[in-house]
Structures are given as C-alpha cells and as structure tokens.
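Structure first, then comments.
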Ligand code: HEM
C-alpha cells in the first residue's frame, strides 16, 4: 500500500503552539505517515511508536535522533544518539545516581526545596508559574547534583533549550542553537576537570570513572552532556503543563487536594497530556513493514511521543486531564525500550514534591493568558500567569 502523506511542517510556529489537531489528523491517516515537508516518515499511533521504540535493532539511534541530517550529525554520540555497545557503556556510566533507590534518598531535600518555592509563590500572591515556580526546583536541585562549577541559571537554560532546538530541523531556531551548543561543549572541556567538579556530584563521579579507567575518557564529555541537556527543560515543561491543567480543571485540583496519594499518578498524567518531548527520530537498519506500509532501510523515522500519548485507542477521552486515569503510567512521554528516560524517577519525584507543597500551601488559583515557548522539540509554556485565591 502507498504510505499516507501529509504536508504539515511540524516545526512551524503555529504547529508548535497548538500541535494536537495535527497529530489527530496524522493518527487518522494511519500508524505511518510520510511527512512531505520534512522528508521523514513518522510513527503516529501508540502501538506503532511503542513497538518501534522497543525494537532498537531495527529503529536505531546511532545515526542521530534529530529530524534532519545536520542535527543528527551534530548531536551524535551521547546516549540518546547512540546504539549498543556505546549506548550500553554510556548508560551504565550515567545511570547509577539516577536509580530509584538513589533518587528516593533525595526526597527530604527535594520536598524542602519544593516547600520553599511554593511558599515564595504564596508570599507573592500573583506570579509566573514558569519562571517563579516550574524552573526553580530543577535549577536549584539538578544544577547542584550535576556539579559543574558555576554554570549560572541563564547558561543552563540556554544550553538545555539549544540542545532541544537542534534536535528538530535547521530552521532559524535550529541554526541559532548551534552556537550555544558549541559554547556549552567548550565550557565542559574547559571546566569539567577533576579539580573543578563538585565532590560527590554526578559529573565528579564521571570524572572518577574516567580517571580509574572504568570509562573511556573520550566518552566522559558525552556522559556529562547527558546530564545537562535533558534534565531541565523537560521537567520544567511538565510542571508548566501540570499547573495549566489544574488551573483549567478545578475539579481535578480538588480531587488532588482531597487525596494527595494521587500525586504520582497526576505527575504521570501531566507528562502524558503535555508530552514535554514531542518527538525524537530513529533510522531504519533494514526494510520494515508497519501495517501495509513498507519503510525502506536507512529512512529517518520520527517517533511522535506526543501523538502516541493522545491516542484515544489507549487513553479514552485523551485530551481530558484526569488525575485518576487508570493507565496514566502507560504513556510514552518518557519513551520506551533501551533509551527510556534515564532521569524519569528524578523527574517524577520533583513533580510529586511540588504537588505536595502546593496541596499544603495553596488554595484555589486562576490562570492568566499563557504563552507557548517556541522550541523545536520541547512543548512548554514560556509564561503562565497565576493568581492564588484563599487557602
Ligand atoms: C518530565 C521530564 C522528562 C521527560 C518528559 C523526559 C523524556 C525523555 C524521553 C522521551 C527520552 C527518550 C528519548 C528517545 O527514546 O530517543 C528521554 C531520554 C533520556 N532522558 Fe529524559 N525526560 C525527562 C527528565 C529527565 C531528567 C530529569 C534527566 C536527567 C537527570 C533525563 C535524562 C535522560 C537521559 C540521559 C536520556 C537518554 C537515555 C538513553 O538514551 O538511554 N531526563 N527522556
């Protein structure tokens, strides 16, 4: 059968601002669609995306995970854009401090920081949910855990955003990102030396592994990038979606306040409905058939996590935010298979702690007009005004 086609450029500003109708159209066309404007195939429906992510021998990452050739070549080499055995080595190097047993030890520290941040918002009364709330916890906690010498809030946000812009295509955003990423790479090479890394931090551990010969020193900068690039904007985006959804669905906020044990489910539901990382790509290592459509070897295939997460065949009434959704945790917002998000336990814990802090300290709240941030990969609010009511 001919592959269904679609002319949408998924990196146009209008699509980035409101992608959901486009994804619905793509899913309706079939599990695989040829994206004319991008020269890529796209997997659109839940089953196709999940199965593709799990089949990492057919859908490989080592040729890059961006949506165009330049981005793929520029970003190759870190865990997200590599295959075994290199991927296994990198993943083993970075995963230890991100395992659930290690992350759970951080809970008191993260909850204390979340409580402070929620209290600051109460003191303000009216604030921006992105810059005053969502950004603060990842920047405070993750920056310290990563342990690079004084990166500065602005640098970390700029570099993380740039890494995701270049994962799209080389439109103006993609091109601009390249300079910022070069700056980050130079910083890592210059500053990530054993004497400058914070003792006990994740990057210090990578330095020690490289020094002891357990990790090839050539791989160390890639492992460090794996901590910096994906750990901020993703979580910040998810928290923005959480606030947006709770603000627009006061009944769900009331349910959460009445039953705080729903916090983890609500965190997953925020990741599902907002899908911070819209899509990453793979390349086919062989000809492959999905349904009646044949994708040739060496094709670039976009895995649209966000579209899969709104597939009504798996998530009934998919555009509805439901803190009690029974299968909320089946979402593909953290991916699946060998590249499944290495930081998901940290991300969920951060969101869970923020929810508990909100339940303790906030009453009802109303939202002003939100603004979607324009990034090639991350779907996030750039601004989200909030006004707190009485507790
Ligand atoms: C809500 C927050 C987050 C979301 C939605 C998210 C999403 C994702 C997704 C979809 C992937 C899979 C990419 C692929 O299959 O190509 C991924 C991979 C990854 N994430 Fe996350 N992420 C989040 C938070 C974090 C945090 C906090 C960290 C680090 C501390 C992190 C580190 C990583 C790493 C290292 C990978 C690559 C894993 C590999 O290739 O083996 N992420 N993330």
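In the numbering used here, the protein residues as written are 288 to 678.
Ideal Cβ placement from N, Cα and C applies to all residues, glycine included.
Since the model is a prediction, treat every value here as computed from it, not as a measurement.
- Three or more beta-carbon pairs separated by less than 8 Å are not found between the segment 316-327 and the segment 457-475, which leaves the two stretches without contact.
- In this structure, residue 357 keeps its C-beta atom at 8 Å or more from the C-beta atom of residue 588.
- Residue 359 has its Cβ no nearer than 7 Å to any heavy atom of the ligand HEM.
- Counting every other CB atom within 10 Å of its CB across the protein chains shown gives residue 615 a total of 16 or more, marking it as buried.
- Residue side-chain check: residue 667 keeps its Cβ at 7 Å or more from all non-hydrogen atoms of the ligand HEM.
- Between residue 393 and residue 513 the beta-carbon gap is near 19 Å, outside 8 Å, which marks them as no contact.
- If one requires a minimum length of 4 residues, the alpha helix (DSSP H) runs lying completely within the segment 306-388 are 307-316, 333-341, 356-361, 373-382, in chain order.
- Taking 3 residues as the minimum length, the beta strand (DSSP E) runs contained wholly in the segment 393-447 are 413-415, in order along the chain.
- Counting along the chain, residue 675 sits inside the beta strand (DSSP E) bounded by residues 672-675.
- For the pair of segments examined, the segment 523-534 was found not to touch the segment 306-315: the number of CB pairs separated by less than 8 Å stays below three.
- A distance below 8 Å between beta-carbons, with the five flanking residues on each side excluded, links residue 551 to the following residues of its chain, in chain order: 635, 639.
- Under the DSSP assignment, residue 476 falls in the alpha helix (DSSP H) whose first and last residues are 459-478.
- In the three-state reduction of the DSSP assignment, residue 589 falls in the strand class.
- Only residues of its own chain outside the window of five on either side were considered, and among them 351 have a CB closer than 7 Å to the CB of residue 360, listed in chain order.
- In this structure, residue 488 has its CB at a distance of at least 7 Å from all heavy atoms of the ligand HEM.
- Taking C-beta atoms under 8 Å as the contact rule, residue 641 and residue 336 fail to qualify, at a distance of about 28 Å.
- In the structure shown, the three-state DSSP call for residue 602 is coil.
- Distances from the alpha-carbon of residue 385 to those of 374, 291, 489 put 489 closest.
- Between the alpha carbons of residue 576 and residue 594 lies a distance of about 20 Å.
- Not a single heavy atom of the ligand HEM lies less than 7 Å from the C-beta of residue 640.
- In this model, residue 515 and residue 507 are separated by some 13 Å (Cα to Cα).
- The segment 658-674 makes contact with the segment 411-424, as at least three CB pairs between them are under 8 Å.
- When beta bridges are read from the DSSP output, residue 293 appears opposite 322.
- The beta-carbon separation of residue 586 and residue 414, rounded to 46 Å, does not stay under the 8 Å limit for a contact.
- If you compare the alpha carbons of 470, 581, 391, 528 with that of residue 610, the shortest gap goes to 528.
- The bridge partners DSSP lists for residue 652 are 675.
- Annotation: the continuous beta strand (DSSP E) that includes residue 580 extends over 580-582.
- Under the three-state reduction of DSSP output, residue 621 falls in the coil class, being neither helix nor strand.
- When the Cα atoms are used, residue 592 and residue 478 turn out to be separated by approximately 35 Å.
- Per DSSP, reduced to three states, the secondary structure at residue 612 is coil, with no helix or strand assignment.
- Residue state for residue 505 is assigned as helix, using DSSP reduced to three classes.
- When DSSP reads this structure, residue 668 sits in a beta bridge with 659.
- 630 is the residue among 630, 664, 568 whose C-alpha sits nearest the C-alpha of residue 391.
- Taking the Cα of residue 426 as reference, the smallest distance to any Cα among 511, 625, 441 is reached at 441.
- Annotated three-state conformation of residue 564 is strand, per DSSP.
- Contact between residue 520 and residue 400 is absent: CB atoms are separated by about 19 Å, not below the 8 Å threshold.
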